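**Q** The structure's right below; bear with me while I get my questions together.
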Amino acid sequence: MKKLWTSYNYSILFFIGLFLLITTMIVTNIEAPKDDYQQITVKKGDTVWDMAERFDGSEMTQTEFVSWVQEHNDLHINHLKEGQTIVIPVKKMNENTEMLHLADSDK
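Numbering (the working numbering), first residue to last: 902 to 1008.
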């Protein structure tokens, strides 16, 4: 074991450091909390595509919007239930204002 350490100590330290760096990057690259995004209550007849049209912006296509909503709300189909609260990719600018900003489409 001692011979292994003396022969490969730099390589072992490099891989340990690389592992720690990758682990740190993964942990810190977790998605923004849902509190940063607008939550809306689904009304009768609402669809994810309707919401994509309603919140149409230049930073995210409608298809990206729909995919984001499905992924972050664990929706496997486009069917929404009346009264259901979902998170949409529209960032809150300030709690005291009505202004909204579309989230970046990067994951």
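Ideal Cβ placement from N, Cα and C applies to all residues, glycine included.
Being a predicted model, the structure only gives us computed values, none of them experimental.
Leaving out the 5 sequence neighbours to the left and right, which residues in its chain are closer than 8 Å to Gln985 when beta-carbon positions are compared?
**A** Taking the sequence shown and counting its residues from 1, one reaches residue 985 at position 84. Contacts found: Thr942 and Val943.
**Q** Under a three-way DSSP split, which group does Ile987 fall into?
**A** Working through the sequence shown from its first residue, we reach residue 987 at position 86. Correct three-state label for Ile987: strand.
**Q** Would you kindly work out how many angstroms separate the C-alpha atoms of Ser908 and Ile927, rounded to a whole number?
**A** Taking the first residue of the sequence shown as position 1, residue 908 is located at position 7. Taking the first residue of the sequence shown as position 1, residue 927 is located at position 26. In a straight line, the C-alpha of Ser908 is about 31 Å away from that of Ile927.
**Q** Between Gln963 and the rest of its own chain, which residues show a CB-CB distance below 6 Å, the 5 nearest in sequence each way excluded?
**A** The count along the sequence shown starts at 1 and reaches residue 963 at position 62. Closer than 6 Å at Cβ, skipping near neighbours: Ala953.
**Q** On the DSSP bridge assignment, give the partners of Gln940 in chain order.
**A** The residue labelled residue 940 in the question sits at position 39 within the sequence shown. Answer is Val988, bridged to Gln940.
**Q** Please list, in chain order, all residues of the same chain as Gln940 whose beta carbon is under 8 Å from its beta carbon, the five residues on each side excluded.
**A** As a working note, residue 940 is residue 39 in the sequence shown. Contacts found: Thr986, Ile987, Val988 and Ile989.
**Q** Under DSSP, the alpha helix (DSSP H) around Glu960 begins and ends at which residues?
**A** Along the sequence shown, read from residue 1 onward, the residue named residue 960 stands at position 59. Per DSSP, Glu960 belongs to no alpha helix (DSSP H) and is neither H nor E.
**Q** Count the other CB atoms, across all protein chains shown, that sit within 10 Å of the CB of Leu922; report buried if there are 16 or more and exposed otherwise.
**A** Reading the sequence shown from its first residue, position 21 is the one you call residue 922. The residue in question, Leu922, is exposed, as its Cβ has fewer than 16 Cβ neighbours within 10 Å.
**Q** Buried or exposed: where does Met961 fall if 16 or more other Cβ atoms within 10 Å of its Cβ makes it buried?
**A** Translated into positions along the sequence shown, residue 961 becomes position 60. Buried.
**Q** Please state the DSSP three-state secondary structure of Lys982.
**A** By one-based count along the sequence shown, residue 982 stands at place 81. Here Lys982 sits in coil by DSSP.
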